[in-house]
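Undergrad:
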Amino acid sequence: QTVRGTFLEVFELESFPFDCQHFKIKMIFTESDEVFQLHPAAHQANCAMMTQDPKLLPEYNFIDPVLESGRTSVRKLQDDFSYADLHHPTLLLCLRARRTWGSHVNKSVTTLALVSLAVIPAFMIPSEDLSDRLAHVTTLFLTAVAYQLVVSSSLPNLEYMTLMDKYILTLNVYMLMAMGIMTVAVLKTKFEHEPESWQAQFLTHLDQYSCLEAFATWLGMHAMLALGAMRARMGRENDKLMSVGWLDEHEETAVLAANSKYSVTKSGSTIFVGSPAMYQQVTQAKGDFTFWCGTWYSEDFYGPHGIEYVFISVVCDEQGQLQLMARKITGDANVPCGRITWQTTAGLPSIGGGEALIKIQVRGNIRDKEGFEWIDPYGGVVAKSSDELQIGHGTFFRLDREQPEESKAIVGSHGGNEYRALE
Numbered sequence: 001q002t003v004r005g006t007f008l009e010v011f012e013l014e015s016f017p018f019d020c021q022h023f024k025i026k027m028i029f030t031e032s033d034e035v036f037q038l039h040p041a042a043h044q045a046n047c048a049m050m051t052q053d054p055k056l057l058p059e060y061n062f063i064d065p066v067l068e069s070g071r072t073s074v075r076k077l078q079d080d081f082s083y084a085d086l087h088h089p090t091l092l093l094c095l096r097a098r099r100t101w102g103s104h105v106n107k108s109v110t111t112l113a114l115v116s117l118a119v120i121p122a123f124m125i126p127s128e129d130l131s132d133r134l135a136h137v138t139t140l141f142l143t144a145v146a147y148q149l150v151v152s153s154s155l156p157n158l159e160y161m162t163l164m165d166k167y168i169l170t171l172n173v174y175m176l177m178a179m180g181i182m183t184v185a186v187l188k189t190k191f192e193h194e195p196e197s198w199q200a201q202f203l204t205h206l207d208q209y210s211c212l213e214a215f216a217t218w219l220g221m222h223a224m225l226a227l228g229a230m231r232a233r234m235g236r237e238n239d240k241l242m243s244v245g246w247l248d249e250h251e252e253t254a255v256l257a258a259n260s261k262y263s264v265t266k267s268g269s270t271i272f273v274g275s276p277a278m279y280q281q282v283t284q285a286k287g288d289f290t291f292w293c294g295t296w297y298s299e300d301f302y303g304p305h306g307i308e309y310v311f312i313s314v315v316c317d318e319q320g321q322l323q324l325m326a327r328k329i330t331g332d333a334n335v336p337c338g339r340i341t342w343q344t345t346a347g348l349p350s351i352g353g354g355e356a357l358i359k360i361q362v363r364g365n366i367r368d369k370e371g372f373e374w375i376d377p378y379g380g381v382v383a384k385s386s387d388e389l390q391i392g393h394g395t396f397f398r399l400d401r402e403q404p405e406e407s408k409a410i411v412g413s414h415g416g417n418e419y420r421a422l423e
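Oh and the sequence shown: position 361 is 361 in the working numbering, straight run, nothing missing.
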């Protein structure tokens, strides 16, 4: 099924044209999580993919999106005038992009910088020829204003000033100040009969060194612009992205994805990211432990229920510690698919190391929808290898290690409701 939509996002352009943007698409499903739940598909790694055609939006370079799966809680009035708490599955897709600033710098900054630089030779004209000095600078000022009107169509019209607006305003003030200095410097002729007075010395100094001072001011303005651009891209704008991914400019299309392998669970929501670098930044982990992630199965852990499949992921608990979490893909009457079956509580297991404590989720009364409870601690998980985990009397194997001959369906049902992995 294809769903087409139009979404609105308010741009944050304080650092234009060195800004980065994040576009959020929020989808709240009308059915509650009692009817269905959203989980990444077990047979493919990517849970969200985006294709960018640089010809359609050449001004931005997109990086890997972030997909957050959670739920939205609402209170609904029932027929008996009581309130029921309902939880609706929710997906929040965040698309992140960097603006390509080269065209704006070439069209606006470079031209205006050269026009303002041309003001400096006016100080080489003798101060007595004030009219020639002012004519030179006034012509350049009007040229800069006319050019600003030409390029204004490519600049955003906002109620606040962007970094580009501040730069243009600074250049205009710079040229007006140059005309003011030239006008003041000509007043030294009134103090020719008092060459030792401080007024005469000040005006003489102003006239002699104004050319160097104007050039130093010009360099300082553009150094401040470069510093502001670097601080924006490496500071607050980069915080919107938290990634080092870049697109290949020579590719016609670039496919980006949020990968179910790199996920973090916080405050009841699961966040999927698309790169190991961002995963380590979010979890503050010193290594990539996502080799545990994937589809596993056990033939003996669930007793008479037989073989069952689980999806194991690495999550970050509320204390910031990484844990293994197993969620059922195929379930049984006690714990249906989509539910967490077990989770470590004391960190990740190490291959060939000791036990890592776990807790398991059980339900005694299969007719009680809220009858789930945790047994904590239950025991420990021992990592025999990267493909084998032993928990008590049962053993879990990675799916691509050696699949059993029994059914490998990833669809389960319970209480008349069908549970299907999200594709």
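We put the CB at the ideal spot given by N, CA and C, even for glycine.
Beta-carbon within less than 6 Å of S15's beta-carbon, same chain only, minus the 5 sequence neighbours each way: which residues are those?
TA: Within the same chain, S15 has close Cβ partners L163, A232, E237.
Undergrad: Enumerated in chain order, which unbroken segments of the alpha helix (DSSP H) with a length of 4 residues or greater are wholly contained in the stretch 152 to 205?
TA: Runs found: 163 to 185.
Undergrad: Does the separation of the CB atoms of L130 and M182 fall below 8 Å?
TA: Yes, Cβ-Cβ distance for L130 and M182 is below 8 Å.
Undergrad: Whose C-alpha, out of L171, I358, I351, P126, is nearest the C-alpha of Y147?
TA: With distances taken between Cα atoms, Y147 lies closest to L171.
Undergrad: Is it buried or exposed, T344, if we count other Cβ atoms within 10 angstroms and call 16 or more buried?
TA: Counting Cβ neighbours within 10 Å, T344 comes out buried, since at least 16 surround it.
Undergrad: The ligand FAD and I307: does any heavy atom of the ligand fall closer than 7 Å to the residue's C-beta?
TA: Within the structure as shown, the ligand FAD is missing, as the structure has no ligands at all.
Undergrad: For the alpha helix (DSSP H) containing E237, list its first residue and its last residue.
TA: Element bounds for E237: 236 to 239.
Undergrad: Kindly indicate which residue of S82, A48, T143 has the alpha-carbon position closest to the one of T111.
TA: It is T143.
Undergrad: Going straight from the alpha carbon of L217 to that of I25, what length do you get?
TA: The identity of residue 217 in the sequence shown is Thr, whereas the question assumes Leu. If I take the Cα positions, the gap works out to 46 Å.
Undergrad: Going by DSSP, name the residue or residues bridged to M325.
TA: In the DSSP output, where bridge partners are listed per residue, M325 has S313, Q343.
Undergrad: Please classify I168 as buried or exposed, where buried requires at least 16 other C-beta atoms within 10 Å of its C-beta.
TA: I168 is buried by the Cβ-count criterion.
Undergrad: For a minimum of 4 consecutive residues, which ranges assigned as the alpha helix (DSSP H) are wholly contained in the stretch 59 to 125?
TA: Whole alpha helix (DSSP H) segments, 4+ residues: 110 to 117.
Undergrad: For the beta strand (DSSP E) that L389 lies in, which residues bound it at each end?
TA: Segment 388 to 391, the beta strand (DSSP E) holding L389.
Undergrad: With C-beta atoms as the reference, is G379 less than 8 Å away from I351?
TA: Their beta carbons are not under 8 Å apart, which means G379 does not touch I351 by this criterion.
Undergrad: Would you mind giving the Cβ-Cβ distance between G394 and S313, rounded to the nearest angstrom? I have them listed as a contact below 8 Å.
TA: About 19 Å; that fails the 8 Å criterion.
Undergrad: With a threshold of 8 Å on Cβ separation, who are the neighbours of T100 within its own chain once the five nearest residues in sequence on each side are excluded?
TA: Closer than 8 Å at the Cβ level, and outside the excluded window around T100, lie P58, E59, Y60, N61.
Undergrad: Measuring straight from C-alpha to C-alpha, what distance separates P89 and E159?
TA: Answer to the nearest angstrom: the Cα atoms are 37 Å apart.
Undergrad: Look up Y302 in the DSSP assignment and say whether it is helix, strand or coil.
TA: Three-state result, Y302: coil.
Undergrad: Considering only the alpha carbon of each residue, which of D79, A48, A214 lies closest to S69?
TA: Among D79, A48, A214, the Cα nearest to that of S69 is on A48.
Undergrad: Specify, as a first and last residue, the run of the beta strand (DSSP E) that K359 falls within.
TA: Element bounds for K359: 356 to 363.
Undergrad: Terminal residues of the continuous beta strand (DSSP E) containing S385?
TA: Where S385 is concerned, the enclosing beta strand (DSSP E) stretches over 372 to 385.
Undergrad: Under the three-state reduction of DSSP, which class applies to A48: helix, strand or coil?
TA: Of the three classes helix, strand and coil, the one that applies to A48 here is strand, per DSSP.
Undergrad: According to DSSP, is C20 helix, strand or coil?
TA: Here C20 sits in strand by DSSP.
Undergrad: For G5, does the three-state DSSP call read helix, strand or coil?
TA: Three-state DSSP puts G5 in coil, outside helix and strand.
Undergrad: Between Q319 and I340, is the Cβ-Cβ spacing less than 8 Å?
TA: No, the Cβ-Cβ distance between Q319 and I340 is not below 8 Å.
Undergrad: Taking DSSP's pairing of strands, which residues face K369 in a bridge?
TA: DSSP lists no partner for K369.
Undergrad: List the endpoints of the continuous beta strand (DSSP E) containing G394.
TA: Looking at the DSSP string, the run of the beta strand (DSSP E) that includes G394 is 394 to 398.
Undergrad: Leaving out the 5 sequence neighbours to the left and right, which residues in its chain are closer than 6 Å to D332 when beta-carbon positions are compared?
TA: Here the set comprises H305.
Undergrad: Who are the Cβ neighbours of F18 in its own chain at under 6 Å, not counting the five residues just before and after it?
TA: Contacts found: W101, A229, A232, R233.
Undergrad: What residues in its chain sit with their C-beta under 7 Å from that of N334, if we drop five residues either side in the sequence?
TA: Once the five neighbours on either side are set aside, the close Cβ partners of N334 are V362, R363, I366.
Undergrad: Compare the C-alpha of F36 against each of C337, A383, V381, W342 and name the closest.
TA: For F36, the nearest C-alpha among the options comes from C337.
Undergrad: Sorted by chain position, which residues of the same chain lie with C-beta nearer than 8 Å to Q154's C-beta, five sequence neighbours on each side aside?
TA: Residue identity differs from the one stated: residue 154 is Ser in this sequence, not Gln. Within the same chain, S154 has close Cβ partners H104, K107, S108.
Undergrad: Helix, strand or coil for G294 per DSSP?
TA: It is a strand residue.
Undergrad: Is S15 helix, strand or coil when you go by DSSP?
TA: Coil, per DSSP.
Undergrad: Ignore the nearest five residues each way along the sequence and tell me which others in E31's own chain have a CB closer than 8 Å to its CB.
TA: Excluding sequence neighbours, E31 sits near H88, P89.
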